[in-house]
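Before any comments, here is the structure.
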Amino acid sequence: MNIFDGLYGYEKLMLLCGFILFVFALAAITVMIVQRRDFKMAMGLIVFAIVLMGFPGIQAVKFSQDTVELDRIRAQPQAPADPAQKQQAERTLASLEQRAAGNPQLQAQVSDGYRAIGELDQAYRLAQSVLHEKPSAQVQATLVPVLTAKLNQVQAGAPIAEPAMPAAAASSAIASTTTPPAAPAATATQQREIADIASQLQGTGTPLPAASHAALAKAYVVLGQPQKAQANVEAARRIDPNVKINAAVLRAARTDGHP
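Residue numbers (my numbering): 102 to 360.
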């Protein structure tokens, strides 16, 4: 971070002009002292310069404090249950979002902050804006938790189609009167949204954690692509053998592993 981080253009100008005026006033006072002249007017310039630098200086300190608070928000294991705490976090995130223009890394961190407090719609909206600018790999890595959480949210209610049964089992199922009806397929809108988020997640170009691969496994099951689902199940288990994957996803992905 530098002193200009988080400042609007006019605040940067105020800070720069105040500094120049301060240096000029000091030089003027030095000359006046040497020449034994009254330097009260020059003292007034120093006071004005300090006032000019004061406002952006205060904003820079507040911005620095907000970034520290942002790190704390992102580190929370779950969204705050206290409404007052959540509102305070939202105010901090909204303030940082306003000052994050032109700073993709900070925008990505704010997006992840919204995810941490459970505001996934706001998190994903900001993430899409950042991804539209084709950011660096580091920025995209920061957005992985956001995309994973949003993918899980969208596909939470999407039904998982069971894999086709062998002919003998199918005949037995038809004969049985207690066989439950098949789950309806995901709607076209659901499938389109899931496909978009899955594509964004895999397009980050960064190694994904086990939780992201697990989310992608379900996504590809819903989209009717069991081979890709199986590949993500295997990737998730390589990273974390204890990762939890829905048993229905495992069956639909045609894997023989344990749930």
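For every residue, glycine included, the Cβ atom is placed at its ideal position computed from N, Cα and C. If you're wondering where the values come from, they're calculated on a predicted model, not measured in any experiment.
For C118, the CB contacts under 7 Å within the same chain, skipping 5 residues up- and downstream, are L153 in chain order.
Look at the beta carbons and you see the segment 339–353 touching the segment 295–314: at least three pairs across the two are nearer than 8 Å. Between the segment 212–227 and the segment 175–194 there are three or more C-beta pairs closer than 8 Å, enough to call the two in contact. T307 sits in coil when the DSSP states are folded into three classes, being neither helix nor strand. Scanning its chain for C-beta atoms nearer than 7 Å, with the 5 sequence neighbours on each side dropped, one finds around A150 the residues G119, L122, F123, A126, in chain order.
For Y109, there is no enclosing alpha helix (DSSP H), as DSSP marks it with neither H nor E. Bounds of the alpha helix (DSSP H) holding P157 are 141–175. Exclusion of the five residues before and after M142 leaves no residue of its chain whose Cβ lies closer than 7 Å to its Cβ.
By the criterion of a C-beta distance shorter than 6 Å, A349 is surrounded in its chain by I261, once the five residues flanking it on both sides are discounted. A direct Cα-Cα distance of roughly 25 Å separates Q199 from L302. Remark: C-beta atoms of E294 and V255 approach each other more closely than 7 Å.
Apart from sequence neighbours up to five positions away, the residues of its chain that approach A250 with a beta-carbon distance below 8 Å are R216, L221, A224, ordered along the chain. A distance below 7 Å separates the beta carbons of V231 and A209. Per the C-alpha coordinates, the member of T243, F156, F140 positioned closest to S212 is T243. Under the criterion of beta carbons closer than 8 Å, Q206 and Q239 qualify as touching, at roughly 7 Å. The three-state secondary structure of K235, taken from DSSP, is coil. Take the alpha-carbon of A257 and the one of Y111: they are about 46 Å apart. Taking every protein chain shown into account, the CB of Q331 has 16 or more other CB atoms within 10 angstroms, so this residue is buried. For I298, the number of other beta carbons within 10 angstroms of its own is at least 16, and it is reported as buried. Comparing alpha carbon positions, the residue from D106, G158, A354 closest to A316 is A354.
Within the segment 201–230, no complete beta strand (DSSP E) segment of 3 residues or longer occurs. Collapsing the DSSP output to three states places V322 in a helix.
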